[in-house]
Amino acid sequence: MLEFLGTVGANIISLPGILGLALGMMTRRLWLGGLMGAVVGVFETVIFAHWSFANVQTSDLLISVVIGLCAGTLGSVIRIKGATV
Numbered sequence: 087m088l089e090f091l092g093t094v095g096a097n098i099i100s101l102p103g104i105l106g107l108a109l110g111m112m113t114r115r116l117w118l119g120g121l122m123g124a125v126v127g128v129f130e131t132v133i134f135a136h137w138s139f140a141n142v143q144t145s146d147l148l149i150s151v152v153i154g155l156c157a158g159t160l161g162s163v164i165r166i167k168g169a170t171v
């Protein structure tokens, strides 16, 4: 359980969370923000696995993609709501 929570927390404060949120704030389309965040999650996992898919664990990849997807979508929502104020 602690490994799972550590992985989630690390992804939130790492590239999928921060860069996914920033890329999501660049568009007003929810699907595009989520897609960009998910792509960042895939790239982050592959980068930290030393560019080898043999070193990628499925759980790490899944968690980083979901965190990136949520962060990108949240960034798009912030962009939409911030523009109406």
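Residues are numbered in this note's numbering as their position in the sequence shown, beginning at 1, plus a constant of 86.
All C-beta atoms, glycine included, are put in the ideal place defined by N, C-alpha and C.
L121 sits away from L147, with the two beta carbons spaced by 9 Å or more. Apart from the 5 residues on each side of it in sequence, L109 sits with its Cβ closer than 8 Å to the Cβ of G119, M122, G123, V126, G158, G161 in its chain, given in chain order. Taken through DSSP and simplified to helix, strand or coil, I99 comes out as coil. Residue burial annotation: T170 is exposed, with fewer than 16 other C-beta atoms found within 10 angstroms of its C-beta. Under the DSSP assignment, T170 falls outside any alpha helix (DSSP H); it carries neither an H nor an E label.
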